[in-house]
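Visitor: Here you go, one structure.
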Amino acid sequence: MAPTEDAKAANAETTPVATPATTEETAPAPVPTRSPSNRKAKNAPKKEEPVAKEAPKAKKPKAKAPKAAASNGEAGPSYFDLIVDAIKELKERNGSSRQALAKIVETKKDNYASHFLNKALRTAVDSGKLIQIKGSYKLSPELKKPTASKKKTLKVSDKSAKTVKKMAKVAKKTAASKKVAAKKAPAKKAPAKKAPAKKTAAKKTPAKKAPAKKTAVKKTAASKKPTAKTTKKKVTKTAKKTAKNSADANPAPGVEDISFGVGCGGDMEYPTTTDNSTVQLRFAYTVSNPLAQFISVHFKNFNLPENDYVVLRAADPASTETDVLTYRGNETSGSFYSTALLATAVMVELFTEAVNPGAGVQAVNTSTCLGFSVDNYQYMAEGSTLNGSKEEVCGADNSQEARCYQDSFSAAFQASNAVIRLLIKKETGSFFCTGWLLGSEGHVITNHHCINKQSHASNTQFEFMAEGSGCGVNCETAYGCRGKVRATYSTLIYADEALDYALVKLPVNLSSQYGYLRLRSSGAQMSERIYVPQHPAGWGKRIAMKTDSDWGTVTSLTMGGCAVDQVAYYLDTQGGSSGSPLLSYYDNTVVALHHCGGCPNTAINAYKLVNDMKWRGILPANAAA
């Protein structure tokens, strides 16, 4: 998506902050300064001794319950019940993320609204019915006990007629065998008959074992010249099975182990001959997961001949993803995550070019194996939070899609162009955060709890202009309203835990295209009006400017909690907002770095960041005002 430039940013005074230049050659200009403007209680059921007619009276309060629930968005099954069902369905050991729960609840709830889901989660955690661990939710031990007995009934009722018949047959067989055992107990023949039955069972088990399947896989791998069609069919099946089987085994939420590849111990040997001089599809594999928000494939040992390449494209018909990713032998090598594609199924294809029979097939790096392998993929991300703290929507969510402020607050909208959606792929799963261009040299700043080591910086997607095309476009889905991924790795300059900031540098300087922001050296001022451009929960860009009652302002400069002397405010944020800038409405400088949830939400004062970076000698050019 091309960046939007605001023509209305001309009436400026004083120091600018994030104005995009008109061409790439023009020196980056900051955003214009804006001068300040004028400012359930249930009736206890009566004893059951009296007349039977009193029973209907007890039902009256129950009839009112749906009505009250409806006002809280509870028509039909309650949000809490759907959350409990979703947690059971996901069966994740470390708990289920809000995004995973939302995806399931949304399909089952009429008039679904995310703020009702958030409220139900908060209420359940506060009442002890759910346990929150970092960004995930688990059932409390008390809640697990009663639902355990319900599980069986649900399973039987939800299964198809076939399953019910099978279960009935098994029950009949068990009952019959018990009767036979009871009748023939005194006779000696009964034990004699039981022994062969066990042997027969033992014989059947090996017959059904996986060796037969393994042999089939070996045949596929051994065939040196499989046609594209044959490979496609067999490998796609393997992909789906592997994804299913590993779902319960992998403890990291949103990560699936999977195994396929070409050469390097993969499903087939690397093709060494071609039928003609054209580019040919030699291998295809579908990675599929119905719960996926996106799919990002992890390659290892990527080492192709210079003219060969791997293509990744969306493979499910419902996907709106239009990007097609190409990784060429002369441009890419080693281990890396592919750019995430917004789809529940992704096709991985290998194309080879003609080979000179005299030279033979030769990888770019001759010291490692020829080909590539894939060992896992990530399909879901959580909004990153500091030590499991809650990122809070304070009351109703008053933040709006960024485009809603394009005309009414053009300077704020223009400054938001420098704000980036980050998708960070870690060993423990994928996490959404927010970052922004700081200074004119291509640096990005976010929180330490988002990026704190080089492996995080090396596996981060930097997506610019991820926002709706208009105010009416709803971007309230994880990875929604796609922008332009301009970098898939960065270099970590420094990360500070106490001040909760991380400074990285992109491989390309984009400040002339998207503008950049500047930290105010003197920091935030009490009661000044502020706004927060952000990517809450990995959604498309939003700007929080108003509270339930007024414009957002700084309410404290000495708030404790996640750190000492924090800047506090009641503007709405969520997990994934971590790393967002707090900007002054008056001069569009960054007065603090948002990092911690709760109402009020809190941020690190800008003067602390400026002083620390100056002392370390890492403050980028034009980063302070």
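Mapping of the sequence shown onto the UniProt record's numbering: position 257 corresponds to residue 257, and the numbering continues sequentially without gaps. All residues carry an ideal CB built from backbone N, CA and C; glycine is no exception.
1) May I have the straight-line CA-CA distance separating Val-508 from Ser-399, to the nearest angstrom?
2) What residues match up with Pro-581 in a beta bridge as DSSP calls it?
3) Taking the CB atoms as reference points, tell me whether Val-591 and Ala-606 lie closer together than 9 Å.
4) Tell me whether Gly-552 is buried or exposed, calling it buried when 16 or more other Cβ atoms sit within 10 Å of its Cβ.
5) Taking Leu-617 as the reference, give the member of Ser-522, Phe-464, Leu-503 and Tyr-337 with the closest Cα.
6) Which of the three DSSP states, helix, strand or coil, is assigned to Ser-338?
7) Where DSSP assigns a beta bridge to Phe-294, which residues make up the other side?
8) Looking at C-beta atoms only, is the number of pairs between the region 312-323 and the region 434-448 that lie closer than 8 Å three or more?
9) Roughly how many angstroms separate the alpha carbons of Ala-318 and Arg-482, rounded to a whole number?
10) Can you tell me which residues form a DSSP beta bridge with Gly-435?
11) Do you know how far the Cα of His-448 is from the Cα of Gly-254?
12) Considering only C-alpha positions, which residue in the set Val-105, Leu-90, Ser-512 and Gly-575 is nearest to Leu-139?
13) Look at the Cβ atom of Phe-351, then the Cβ atom of Gly-266, and state whether they are nearer than 9 Å.
14) Which value, in whole angstroms, describes the spacing of the CA atoms of Met-613 and Ile-83?
15) Could you work out which residue in Gly-576, Val-554 and Asp-308 is closest to Leu-582 when comparing CA atoms only?
16) Under 9 Å between the Cβ atoms of Arg-122 and Ala-537?
17) DSSP puts Phe-462 in a beta bridge; with which residues?
18) From the DSSP secondary-structure annotation, give me the bridge partner or partners of His-443.
19) Could you pull the DSSP bridge partners for Lys-614 from this structure?
20) What do you get for Val-564, buried or exposed, if any count of 16 or more other CB atoms within 10 angstroms of its CB means buried?
21) Give the secondary structure of Lys-8 by DSSP, where H, G and I count as helix, E and B as strand, and everything else as coil.
22) How far does the alpha helix (DSSP H) with Val-393 in it reach, from first residue to last?
23) Would you kindly check if the distance between the Cβ of Asn-303 and the Cβ of Gly-261 is under 9 Å?
24) Taking buried to mean at least 16 other C-beta atoms within 10 Å of its own C-beta, is Gln-362 buried or exposed?
25) To the nearest angstrom, report how far apart Pro-305 and Glu-331 are at their CA atoms.
Guide: The structure says:
1) 31 Å
2) Leu-593
3) yes
4) buried
5) According to the sequence provided, residue 617 is Gly. The question's Leu does not apply to it. The shortest C-alpha separation from Gly-617 is found at Leu-503.
6) coil
7) Per DSSP, none; premise fails for Phe-294.
8) no
9) 16 Å
10) Ile-420
11) 22 Å
12) Leu-90
13) no
14) Cα-Cα distance, rounded: 44 Å.
15) Val-554
16) no
17) Bridge partners of Phe-462: Leu-422 and Ala-487.
18) Leu-438 and Lys-505
19) Answer is none; Lys-614 lacks a bridge partner.
20) exposed
21) Low local confidence applies: a pLDDT of 40 at Lys-8 is under 50, so the model's placement there is unreliable, and no value is given.
22) Neither: Val-393 is in no alpha helix (DSSP H) and is coded neither H nor E.
23) no
24) exposed
25) 10 Å
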